[in-house]
């Protein structure tokens, strides 16, 4: 069965304290690995797509990487406005659907 | 483009009543998804359509749930009769199609409370 698992469930960081979020996936034929940010009361907002092992994408303080088994979202020198829930999702070849992990709730303290 | 539009944003209803959630996908997108989000289970895919045709409804909890997509610009998710355990945030999402660069774009969600 296709599965996506995220860790940790919650993370508290001091402003400027870098860290990484993990997304492990077990799917039959990865078509794409997606990262989203979700703020309270809003829908998930797209951040990155990764397609193959070794690929990296960056946006401001965020950097996403992909291996054959997992993806990491690295947050460098985070700020309070980076506080949100970060979701990853896998899309598998032959289907149109996206399988989501349960997310990591990130809180960055000033 | 205004993005994916869902209505209503909030719905409070009594157990046993019929509830209809609405979604307008982004123009030109070929795929549409209905998700349910709860604290316990996260985002669960209920059903998805491609070119207005339901492709996989294996995530629909039971016969009380039904979804339609009569045309490329409108979809509904109906719950009849509603139960308290249906309380959740329901999201609609759309994607451009089955290309390598496809990602899904989400609406703001409908928060459903069944009392």
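Chains as they are written, first to last, in the working numbering: chain U, 1 to 110; chain F, 1 to 115.
For each residue, glycine too, the CB sits at the ideal point set by N, CA and C.
Cβ of residue i within 9 Å of any chain U Cβ
i: residue 102 of chain F; result: yes
i: residue 52 of chain F; result: no
i: residue 77 of chain F; result: no
i: residue 106 of chain F; result: yes
i: residue 112 of chain F; result: no
i: residue 67 of chain F; result: no
i: residue 41 of chain F; result: yes
i: residue 56 of chain F; result: yes
i: residue 27 of chain F; result: no
With 16 other Cβ atoms within 10 Å as the buried cut-off, status of residue i
i: residue 78 of chain U; result: buried
i: residue 37 of chain U; result: buried
i: residue 86 of chain F; result: buried
i: residue 8 of chain F; result: exposed
i: residue 109 of chain U; result: exposed
i: residue 91 of chain U; result: buried
i: residue 36 of chain F; result: buried
i: residue 8 of chain U; result: exposed
i: residue 184 of chain U; result: Nothing about residue 184 of chain U can be read from this structure; chain U reaches only from 1 to 110.
i: residue 6 of chain F; result: buried
i: residue 134 of chain F; result: For chain F, the structure presents residues 1 to 115; residue 134 of chain F sits outside this window and is missing.
i: residue 10 of chain U; result: exposed
Extent of the continuous beta strand (DSSP E) run through residue i
i: residue 69 of chain F; result: 65-71
i: residue 26 of chain F; result: Unbroken run through residue 26 of chain F: none, as it is neither H nor E.
i: residue 107 of chain U; result: 104-109
i: residue 93 of chain F; result: 88-95
i: residue 44 of chain F; result: 42-50
i: residue 56 of chain F; result: 53-56
i: residue 49 of chain U; result: 45-50
i: residue 7 of chain U; result: 3-7
i: residue 10 of chain U; result: 10-14
Bridge-paired residues (DSSP) for residue i
i: residue 64 of chain U; result: U:57, U:73
i: residue 114 of chain F; result: F:13
i: residue 2 of chain F; result: Its beta-bridge partners do not exist; DSSP assigns none.
i: residue 30 of chain U; result: U:92
i: residue 35 of chain F; result: F:45, F:91
i: residue 38 of chain U; result: U:85
i: residue 78 of chain F; result: F:20, F:66
i: residue 18 of chain U; result: According to DSSP, residue 18 of chain U bridges with nothing at all.
Residue-chain proximity (residue i, chain F), Cβ-Cβ < 9 Å
i: residue 75 of chain U; result: no
i: residue 95 of chain U; result: yes
i: residue 98 of chain U; result: yes
i: residue 25 of chain U; result: no
i: residue 56 of chain U; result: no
i: residue 92 of chain U; result: no
i: residue 65 of chain U; result: no
i: residue 10 of chain U; result: no
i: residue 32 of chain U; result: yes
i: residue 86 of chain U; result: no
i: residue 107 of chain U; result: no
i: residue 1 of chain U; result: no
i: residue 29 of chain U; result: no
i: residue 44 of chain U; result: yes
i: residue 53 of chain U; result: no
Quick check: the segment 9-16 of chain F against the segment 93-100 of chain U, are there 3 or more CB pairs under 8 Å?
Too few Cβ pairs lie closer than 8 Å, so no.
- Report yes or no: do the segment 24-39 of chain F and the segment 68-82 of chain F share at least 3 C-beta pairs separated by less than 8 Å? Flag = yes, the segment 24-39 of chain F and the segment 68-82 of chain F touch.
Item to check | Cβ pair count under 8 Å reaching 3, the segment 37-50 of chain U against the segment 5-23 of chain U | outcome: These segments do not touch.
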